[in-house]
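Note sheet for the following structure.
2 protein chains.
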Amino acid sequence: MGAVTSPKQDRSRATRQRLLESAVACLAVHGWAGSTVSVVAEHAGVSRGAAQHHFPTREDLFTGAVEYVAEERSAALRALPVQGRAEVVAALVDLYTGPLFRAALQLWVAASNEEQLRPRVTELEARVGRETHRIAVNLLGADETRPGVRETVQGLLDMARGLGLANLLTDDGARRRRVVTQWAVLLDEALG
Amino acid sequence: MGAVTSPKQDRSRATRQRLLESAVACLAVHGWAGSTVSVVAEHAGVSRGAAQHHFPTREDLFTGAVEYVAEERSAALRALPVQGRAEVVAALVDLYTGPLFRAALQLWVAASNEEQLRPRVTELEARVGRETHRIAVNLLGADETRPGVRETVQGLLDMARGLGLANLLTDDGARRRRVVTQWAVLLDEALG
């Protein structure tokens, strides 16, 4: 039997969700330095006290937000329909150019300077990296028992991350599409 | 005849150079939020007044630092000896994993949130991107008149950037070497 929730629990869950989405939005727009709990609470239309009830510290809130980002991205990946490799490559790269990637990037960079954030973000990134790799192997129909296939898929995901970074300051979409088209061909040949 | 400089000019140039190197070091360690002109001046062993004589505003100092980073990276690239493609790929990727890349990354992310920094960093990044591509084509002996070759080299540089990002929080060296070895093979086949 599924869990039965009260209206109060539903409201609490909705508030939590709104805070996480606001944390991601604030990170993407204002960066770590500009994203205090107060800024996020105001964006979410929630009192500072209510925000602190859900997330006692700033680190709790933003670690929760990274986790949320990670789950959203994995869900988006798993929801991709089975299709040709060129479409899969394009969809994988698309994951790294939206607001979720921008927020994750802000957190990675902040974590590189903030000791309190670093271990949590590092652990989460490793977990997300493994999960993304697993889903990509599956979508691409890649046979990892063949030598070099594992590294080929990893390199593709590194390229996708680099393309996301190139898109940070300007809209790099036209160039990106040409690069993705070409590398989808090379990848298809490499995966056999 | 080369320019003749006075001892005073030499000292001024040395101070400027020290400020730029300190700005890069501070960015890599403290990020944009923690890198004020005072912090950089103290790191360089220079008075705040002397720092402001060279760089009137914080934006001037850090734009100068980005330019300095860019010139250092181009010089390092051009200084690579002519060698096999696998070595060139490894050397290109190495450029994206050191303190120069970490500093540039901090600036890109700060520029995405700081309107005063953004146009300068965007312009500089476009210039550096073109220059890096030109040097990479040359080192790889790639024939850009052939269809797809331009995009193949661009994708390689995007992968290098993504590998640099993956190295931000943890030492990703062992995995990176395996990915680079495999992608050097794919690249070599693609370039013919």
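Protein chains in written order, with this note's numbering: chain A, 56 to 247; chain B, 56 to 247.
For glycine and all other residues, C-beta sits at the position ideal for the given N, C-alpha and C.
Quick caveat, the model's predicted, so the values are computed rather than measured.
A Cβ-Cβ separation of about 6 Å places V143(B) in contact with L195(B) under the 8 Å criterion. Per DSSP, the unbroken alpha helix (DSSP H) holding S77(B) starts and ends at P62 to H85. Only those residues of the stretch 194 to 211 of chain B whose C-beta falls short of 7 Å from the nearest C-beta of chain A are listed: G203, E206, T207, Q209 and G210. Contact between T70(B) and A105(B) is confirmed by a C-beta separation of about 6 Å, below the 8 Å threshold.
The stretch 71 to 90 of chain B and the stretch 144 to 162 of chain B touch, with no fewer than 3 CB-CB distances between them shorter than 8 Å.
Nearest in C-alpha terms to F117(A), of all of R68(A), E76(A) and E199(A), is E76(A).
Taking C-beta atoms under 8 Å as the contact rule, S167(A) and L212(B) fail to qualify, at a distance of about 22 Å. Of all alpha-carbon atoms in L218(A), R140(A), R103(A) and R66(A), the one lying nearest the alpha-carbon of F156(A) is that of L218(A). Between A197(A) and L246(A), the gap from beta carbon to beta carbon is short of 8 Å. Buried is the label assigned to A215(A), since at least 16 other Cβ atoms lie within 10 Å of its Cβ. For Q171(A), not one C-beta of chain B is nearer than 8 Å to its own C-beta. Identification of residues in the stretch 74 to 93 of chain A having a C-beta nearer than 8 Å to some C-beta of chain B yields V84, H85, G86, W87, A88 and G89, given in sequence order. The three-state reading of DSSP puts P111(B) in coil, since its state is none of H, G, I, E or B. Against S167(A), the close residues of chain B are L223 and L224, in the order they occur along the chain (beta-carbon pairs closer than 7 Å).
The distance from the Cβ of R233(B) to that of E206(A) is about 5 Å, consistent with a contact at the 8 Å cut-off. The beta carbon of D149(A) sits no closer than 8 Å to any beta carbon of chain B. For the C-beta of D213(A), the chain B residues within less than 7 Å are, from N- to C-terminus, M214, G217, L218, A221 and V234.
Counting other Cβ atoms within 10 Å of its Cβ, T187(A) reaches 16 or more and is therefore classed as buried. Listed in chain order, the positions of the stretch 150 to 164 of chain A with a beta carbon within less than 7 Å of a beta carbon of chain B are L160, Q161, W163 and V164. Among the CB atoms of chain B, one or more fall inside 8 Å of the CB of T177(A). The stretch 131 to 195 of chain B is shown to contain whole alpha helix (DSSP H) runs of 4 or more residues at 140 to 149, 154 to 168 and 173 to 195, in chain order.
Collapsing the DSSP output to three states places R201(A) in coil.
In the three-state reduction of the DSSP assignment, L224(B) falls in the coil class. Within the same chain, G219 and N222 come within 6 Å of T152(B) by CB-CB distance, once the 5 residues on both sides are set aside. A straight line joining the alpha-carbon of A88(A) with that of E170(B) spans about 15 Å. Here the alpha carbons of D65(A) and E127(B) stand approximately 56 Å from one another.
Burial check for A239(B): the Cβ neighbour count within 10 Å reaches 16 or more, so the residue is buried.
Between L74(A) and D115(A), the alpha-carbon positions lie close to 12 Å from each other.
In the structure shown, the three-state DSSP call for A245(B) is helix.
Rounded to the nearest angstrom, the gap between the Cα atoms of V94(B) and P154(A) is 32 Å. Listed by position along chain A, the residues whose Cβ is nearer than 7 Å to that of A245(B) are L241. For E180(A), a Cβ of chain B is located within less than 8 Å of the residue's own Cβ. DSSP places V101(A) outside both helix and strand once states are collapsed to three, so it counts as coil. Annotated three-state conformation of S93(B) is helix, per DSSP.
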